[in-house]
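S.K.:
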Amino acid sequence: MKAAVITFPGSNCDRDLADAFAKAGADVVRVWHKDTEIPAGTDVIGVPGGFSFGDYLRCGAIASRSPIGQAVVDFAGKGGHVIGICNGFQVLTEMGLLPGALMRNASLKFRCRPQRLKVATTDSPFTRLYAAGTEVTYPIAHHDGNYVIDAEGLKQLEGEDRVAFRYIDNPNGSTADIAGVLSANRRVLGLMPHPERVVEDAQGGTDGAALFRTLTDMLAVV
Amino acid sequence: MKARVHVMLKDGVLDPQGEAVRHALGHLGFTGVEAVRQGKVIELDLAATDKAGAEAEVKAMCEKLLANTVIEKYTVEIC
């Protein structure tokens, strides 16, 4: 199972993400933003957290139009699996791979803390190993995590069971407490909290390990 | 030729920053400010000489990059 982790100028969670994939048993390749192709044989792409291109214009906007951006869109278009975490979630919405947008936190404060979440659906290659309704704690660290979607889009997300995670005690004003969403084919996940920061005891928790294990186990047998 | 692009949040999208500015104005004694919306102005110097063509091109830039049309609206001014 091969995971490709992308690094943009300003990414700062790329190593942690690569590490989390490796611990779950994946072969990890690192991809630079100026590359124009995803390495052959890649099963899943990880778009990491950070402050790509200094959050200029809008968070994730420049990264989503970088040379590797089109390759990510094409990969997802062919049914490839993609996970975007924090800034990676912002990048995926800017690419149009996920609906909605992430705006400044309603409190206007940068929120950095362990965050309790509910696994809102287990019907995805990312959450299948969790029991329905499981509560997990992933760290959050963001200024622009306020998920915004119009009423019609929300209805569609809810109707298709595409909310992957919900906040318990909403930290940023997100619509319907949404912390993570899935694409229509359920193979693209974007979430603001950081599962890659809780995959081993030394990090203070292991709640995120199951997400990477689900993904690697499932893709290893395909 | 110059182009000026105004990018604003769409009506109905809450603007927490604008709201904070409104509060700050209130603290400074500016009463009666009922709403504040914050946006961006982007100025471009263009090599183009054809006004209609330039406008169409800048609109394409807005759709592709300068605005996120999920939450933002834009206007283009060619001057």
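So the protein lines, in turn, are chains A and D. Going by this note's numbering, the first sequence runs without a break in its numbering and finishes at 203. Going by this note's numbering, the second sequence runs without a break in its numbering and finishes at 108. Ideal Cβ positions, reconstructed from N, Cα and C, are used throughout, including at glycine.
Leucine 163 of chain A and arginine 143 of chain A - do their beta-carbons sit closer together than 8 Å?
M.R.: The count along the first sequence starts at 1 and reaches residue 143 of chain A at position 162. The count along the first sequence starts at 1 and reaches residue 163 of chain A at position 182. A contact, by the Cβ cut-off of 8 Å.
S.K.: Give me the Cβ distance between glycine -9 of chain A and glycine 31 of chain A, rounded to the nearest whole Å; I'm assuming they're in contact under 8 Å.
M.R.: Counting from 1 along the first sequence, the entry for residue -9 of chain A is found at position 10. Counting from 1 along the first sequence, the entry for residue 31 of chain A is found at position 50. Yes, glycine -9 of chain A and glycine 31 of chain A are in contact; Cβ-Cβ is about 5 Å, under 8 Å.
S.K.: Examine the Cβ distances between the segment 48 to 59 of chain A and the segment 140 to 155 of chain A and report whether three or more of them are shorter than 8 Å.
M.R.: no
S.K.: Which residues does DSSP pair with proline 80 of chain A in a beta bridge?
M.R.: Indexing the first sequence from 1 puts residue 80 of chain A at position 99. Beta-bridge pairing links proline 80 of chain A to no other residue.
S.K.: Applying the criterion that 16 or more other CB atoms from any shown protein chain within 10 Å of the CB defines a buried residue, is phenylalanine 59 of chain D buried or exposed?
M.R.: Translated into the one-based positions of the second sequence, residue 59 of chain D becomes position 30. Exposed: under 16 other Cβ atoms inside 10 Å.
S.K.: Going along chain D, which residues have a C-beta under 8 Å from arginine 85 of chain A?
M.R.: Sequence index remark: in the first sequence, residue 85 of chain A carries index 104 (1-based). Going along chain D in sequence order, the residues near arginine 85 of chain A (Cβ under 8 Å) are Pro45 and Gln46.
S.K.: Taking the C-alpha atoms as reference points, what is the distance between valine 72 of chain A and phenylalanine 34 of chain A?
M.R.: What you label residue 72 of chain A is simply residue 91 of the first sequence in a count that begins at 1. What you label residue 34 of chain A is simply residue 53 of the first sequence in a count that begins at 1. Their backbone Cα atoms lie some 11 Å apart in a straight line.
S.K.: For phenylalanine 2 of chain A and valine 9 of chain A, what's the separation of their Cα atoms in angstroms?
M.R.: On the first sequence, position 21 is the one that residue 2 of chain A refers to. On the first sequence, position 28 is the one that residue 9 of chain A refers to. Roughly 7 Å between the two C-alpha positions.
S.K.: Which value, in whole angstroms, describes the spacing of the CA atoms of leucine 110 of chain A and alanine 96 of chain D?
M.R.: Walking along the first sequence from the start, residue 110 of chain A turns up at place 129. Walking along the second sequence from the start, residue 96 of chain D turns up at place 67. If I take the Cα positions, the gap works out to 38 Å.
S.K.: Does the beta carbon of isoleucine 100 of chain D come closer than 8 Å to any beta carbon on chain A?
M.R.: Counted from its first residue, the second sequence places residue 100 of chain D at position 71. For isoleucine 100 of chain D, the answer is yes, since a Cβ of chain A falls inside 8 Å of its Cβ.
S.K.: Closest Cβ-Cβ distance between alanine 49 of chain D and chain A: below 8 Å?
M.R.: Residue mapping note: residue 49 of chain D aligns to position 20 of the second sequence, counting from 1. Yes, contact with chain A.
S.K.: Under 7 Å between beta-carbons, which chain D residues line up against arginine 109 of chain A? List them in chain order, please.
M.R.: Looking up residue 109 of chain A in the first sequence gives position 128. Chain D residues near arginine 109 of chain A: none, gap ~29 Å exceeds 7 Å.
S.K.: In chain order, which continuous runs of the beta strand (DSSP E) of length 3 or greater are located wholly inside the segment 140 to 194 of chain A?
M.R.: The segment 140 to 194 of chain A contains these whole beta strand (DSSP E) runs: 144 to 148, 159 to 163 and 169 to 172.
S.K.: Would you give the residue range spanned by the beta strand (DSSP E) that alanine -16 of chain A belongs to?
M.R.: Position 3 of the first sequence holds residue -16 of chain A. Looking at the DSSP string, the run of the beta strand (DSSP E) that includes alanine -16 of chain A is -17 to -12.
S.K.: Only counting the same chain, and skipping five residues up and downstream in sequence, which positions put a Cβ closer than 7 Å to that of methionine 84 of chain A?
M.R.: Within the first sequence, residue 84 of chain A is the residue found at index 103, counting from 1. Excluding its 5 nearest sequence neighbours in each direction, methionine 84 of chain A has C-beta neighbours in its own chain below 7 Å: Asp125, Asn127 and Val129, listed in chain order.
S.K.: To the nearest angstrom, report how far apart alanine -1 of chain A and glycine 47 of chain D are at their CA atoms.
M.R.: One-based indexing of the first sequence puts residue -1 of chain A at position 18. One-based indexing of the second sequence puts residue 47 of chain D at position 18. The straight-line gap from Cα to Cα measures roughly 38 Å.
S.K.: Which residues in the same chain have their Cβ closer than 7 Å to the Cβ of threonine 187 of chain A, if we skip the five residues on either side of it in sequence?
M.R.: Along the first sequence, one-based indexing puts residue 187 of chain A at 206. Cβ within range, chain order: Val179, Val180 and Glu181.
S.K.: Measure from the C-beta of leucine 89 of chain A to each C-beta in chain D and report whether the shortest distance is under 8 Å.
M.R.: Indexing the first sequence from 1 puts residue 89 of chain A at position 108. With 8 Å as the cut-off, leucine 89 of chain A counts as an interface residue toward chain D.
S.K.: Provide the residue span of the alpha helix (DSSP H) that contains histidine 52 of chain D, from first to last.
M.R.: Locating residue 52 of chain D in the second sequence gives position 23, counting from the first residue. Residues 45 to 56.
S.K.: So what does DSSP say about glycine 58 of chain A, is it helix, strand or coil?
M.R.: To locate residue 58 of chain A, count along the first sequence from 1; it is residue 77. In this structure, glycine 58 of chain A counts as helix in the three-state DSSP scheme.
S.K.: Which residue's Cα is closest to the Cα of leucine 98 of chain A: A:Ala145, A:Gly6 and A:Asn86?
M.R.: Looking up residue 98 of chain A in the first sequence gives position 117. It is A:Ala145.
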